[in-house]
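K.L.:
First, the structure itself, so that you have it in front of you.
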Amino acid sequence: MAAMSRESLLSLEHLSAHYVSQQGARVVPAVEDVTLRLGAGETLGIVGESGSGKSTLALTIMRQLPPAARIVSGRMMFEGENLLDKTDAEMRHVRGKRIAMILQDPMASLNPLFSIGNQVGEPLRVHEGASFKLAWKRAIELLKSVRIASPETRVSQFPHEMSGGMRQRIVGAIGISCEPRLLIADEPTTSLDLTIQAQYLNLLGDLQRQYGLALIFITHNLGIVAKMCDLLAVMYAGRIVEQGPVSRIFSAPAHPYTRALLGSIPRMTDNRGRLTAIEGQPPDLSSLPPGCAFAPRCPAAIARCRREAPPEIAIDSDHTARCWLAESDSEAPPAIGARARSDGT
Ligand code: ATP
Ligand code: MG
């Protein structure tokens, strides 16, 4: 875990991105009014149920959204520049070089027709003008650094000749090839068995220390958040409903949704600590209820919650929650129906 530095590397301000159907009849506000900051070398975990907008947020930061999506408002400051002001050509130089992303599906980022060496070396050729030969040599070193055995042989092979875990690590090698300042990893371990998963997480932690990169970690696994992350953002229906230091949120969650998520896991260090189901369904983003989107499932909701969407309330300087019932002091709010965490940590 990196030391806290509050100087921002990435600062998202009131960022919104929507999917719009062809006729414009259906608008899905998958990312809505997201404000967050990440310092150099820090690790941010993003959690939330399926469909809450985590991948869309990552693709927004990369400016790699599918054609149906639009960034409708906000700013994305990265190393002092607003990424939304950049042309597509300028963004191509940011992607892969200064910000890299490991996609949710590793096969989607590997081309079956090109050798591993070709693909791992590509960012170096594109962004740093390396020759094919130099990039190939560097690809072997990168494969070694992500602990692929016999990299000299593997470098000439093709994606289908690799195991799932090896493909994940190869995608990781592509991600770090140009030593980006920020690496976004979208569910990088879901397809891996537990041992390989633990190895891969250790590897990412080592690479982070070695290269000093900031990491955004999208996951369903709170055990991973506890192990890897300094900061946590909890997404619900396209919004960040709570964010702050992991230790603060785990010890005093302020949003009933976060409390429900945390209440449902037995031990933070447990790899089985995945988000379990919370009663009720996540809302249809194209027809959200008025007021707080979580209100229909919230055991603590009051009349105001169903009428008015809550703003981000500061619990303290770096911990916020979008909840009318959140209290702006460091005391844990009273237990209000959501099952409290039982392990007392
Ligand atoms: P998961 O945990 O399942 O990966 P997620 O939090 O990453 O979920 P997103 O993939 O960001 O969720 O999806 C957020 C919302 O945007 C969902 O309601 C989804 O249906 C919608 N969405 C995603 N991609 C598209 C698309 N190409 N066109 C229209 N809607 C989309
Ligand atoms: Mg996703």
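In the numbering used here, the protein residues as written are 130 to 474. Virtual Cβ for every residue (Gly too), placed ideally from N, Cα, C. These figures come from a predicted structure and were not determined experimentally.
When the Cα of isoleucine 245 is compared with those of His256, Ala259, Gly301 and Asp214, which residue comes out closest?
P.N.:
Counting from one through the sequence shown, the residue named residue 245 turns up at place 116. The option with the nearest alpha carbon to isoleucine 245 is Gly301.
K.L.:
Can you check the region 149-206 for any alpha helix (DSSP H) of at least 4 residues that lies completely inside it and give the ranges in chain order?
P.N.:
With a minimum length of 4 residues, the continuous alpha helix (DSSP H) runs that stay inside the region 149-206 are 183-191.
K.L.:
Quick check: is any heavy atom of ligand 1 less than 6 Å from the C-beta of leucine 232?
P.N.:
By one-based count along the sequence shown, residue 232 stands at place 103. The answer is no for leucine 232.
K.L.:
Roughly how far, in whole angstroms, is the beta-carbon of alanine 438 from the beta-carbon of cysteine 421, given that I think they are within contact range, below 8 Å?
P.N.:
Here residue 438 refers to the residue found at position 309 of the sequence shown. Here residue 421 refers to the residue found at position 292 of the sequence shown. With a Cβ gap of about 6 Å, alanine 438 and cysteine 421 count as contacting.
K.L.:
Which residue marks the beginning of the alpha helix (DSSP H) containing arginine 310, and which one marks its end?
P.N.:
Locating residue 310 in the sequence shown gives position 181, counting from the first residue. No alpha helix (DSSP H) contains arginine 310, which DSSP labels as neither H nor E.
K.L.:
At a threshold of 6 Å, does tyrosine 148 count as lining ligand 3 (C-beta to nearest heavy atom)?
P.N.:
In the structure on display, ligand 3 does not appear, and the ligands it does have are ligand 1 and ligand 2.
K.L.:
Throw me the rounded Cβ distance for the serine 140 and methionine 206 pair, which I believe falls under 8 Å.
P.N.:
As a working note, residue 140 is residue 11 in the sequence shown. As a working note, residue 206 is residue 77 in the sequence shown. Indeed, because the Cβ distance is near 4 Å, the residues count as touching under 8 Å.
K.L.:
In whole angstroms, what separates the C-alpha of threonine 164 from that of isoleucine 313?
P.N.:
By 1-based counting over the sequence shown, the position of residue 164 is 35. By 1-based counting over the sequence shown, the position of residue 313 is 184. Approximately 17 Å between the Cα atoms of the pair.
K.L.:
Determine which residues share a DSSP beta bridge with isoleucine 431 and list them.
P.N.:
Position 302 of the sequence shown, counting from 1, holds the residue named residue 431. The partner list for isoleucine 431 (beta bridge, DSSP) is empty, contrary to what the question assumes.
K.L.:
Please report how far the alpha carbon of glutamine 337 lies from the alpha carbon of alanine 154, in whole angstroms.
P.N.:
Indexing the sequence shown from 1 puts residue 337 at position 208. Indexing the sequence shown from 1 puts residue 154 at position 25. Whole-angstrom Cα-Cα distance: 44 Å.
K.L.:
Helix, strand or coil: how does DSSP classify alanine 327 here?
P.N.:
Against the sequence shown, residue 327 aligns to sequence position 198. In this structure, alanine 327 counts as helix in the three-state DSSP scheme.
K.L.:
Taking only three categories from DSSP, how would you classify asparagine 240?
P.N.:
As a position in the sequence shown, residue 240 is number 111, starting the count at 1. Coil at asparagine 240, not helix or strand.
K.L.:
Three or more C-beta pairs closer than 8 Å, one from the region 168-175 and one from the region 225-242: is that the case here?
P.N.:
The region 168-175, when compared against the region 225-242, does not touch it at the 8 Å Cβ threshold.
K.L.:
With H, G and I counted as helix, E and B as strand and the rest as coil, what does DSSP make of arginine 396?
P.N.:
Indexing the sequence shown from 1 puts residue 396 at position 267. Note that arginine 396 scores a pLDDT of 45, beneath 50, so its modelled location is shaky; the value from the coordinates is reported in the next line. Note: arginine 396 maps to coil in three-state DSSP.
K.L.:
In chain order, what residues of the same chain lie with their CB nearer than 8 Å to the CB of serine 137, ignoring the 5 residues before and after it?
P.N.:
Taking the sequence shown and counting its residues from 1, one reaches residue 137 at position 8. Here the set comprises Arg166, Leu167, Gly168 and Met206.
K.L.:
Does ligand 1 have a heavy atom nearer than 6 Å to the CB of proline 196?
P.N.:
Taking the sequence shown and counting its residues from 1, the one referred to as residue 196 is at position 67. Incorrect: proline 196 has no Cβ contact closer than 6 Å to ligand 1.
K.L.:
For threonine 318 and alanine 424, I'd like the C-alpha separation in whole angstroms.
P.N.:
The residue given as residue 318 occupies position 189 in the sequence shown. The residue given as residue 424 occupies position 295 in the sequence shown. Their Cα atoms are separated by approximately 32 Å.
K.L.:
Starting from the N-terminal side, write out each stretch of the alpha helix (DSSP H) that is 4 residues or longer and does not extend beyond the region 346-392.
P.N.:
Segments of the alpha helix (DSSP H) lying fully in the region 346-392: 351-357, 375-380 and 385-392.
K.L.:
Please state the DSSP three-state secondary structure of threonine 282.
P.N.:
Locating residue 282 in the sequence shown gives position 153, where the first residue counts as 1. Threonine 282: helix per DSSP, three-state reduction.
K.L.:
Rounded to whole angstroms, what's the CA-CA distance from proline 440 to valine 249? Just pull it up for me.
P.N.:
As a first step, residue 440 is located in the sequence shown; it is residue number 311 there, counting from the start. As a first step, residue 249 is located in the sequence shown; it is residue number 120 there, counting from the start. Roughly 44 Å between the two C-alpha positions.
K.L.:
Out of curiosity, what's the CA-to-CA distance linking arginine 436 and serine 376?
P.N.:
Taking the sequence shown and counting its residues from 1, the one referred to as residue 436 is at position 307. Taking the sequence shown and counting its residues from 1, the one referred to as residue 376 is at position 247. Roughly 32 Å between the two C-alpha positions.
K.L.:
Can you list, in chain order, the residues of its chain with a C-beta nearer than 7 Å to that of leucine 455? Leave out the 5 residues immediately preceding and following it.
P.N.:
Taking the first residue of the sequence shown as 1, we reach residue 455 at position 326. Here residue 455 is alanine; the residue named in the question, leucine, does not match the sequence. For alanine 455, where only same-chain residues beyond five positions count, the Cβ hits under 7 Å are Ala383, His384, Ile442, Ile444 and Pro462.
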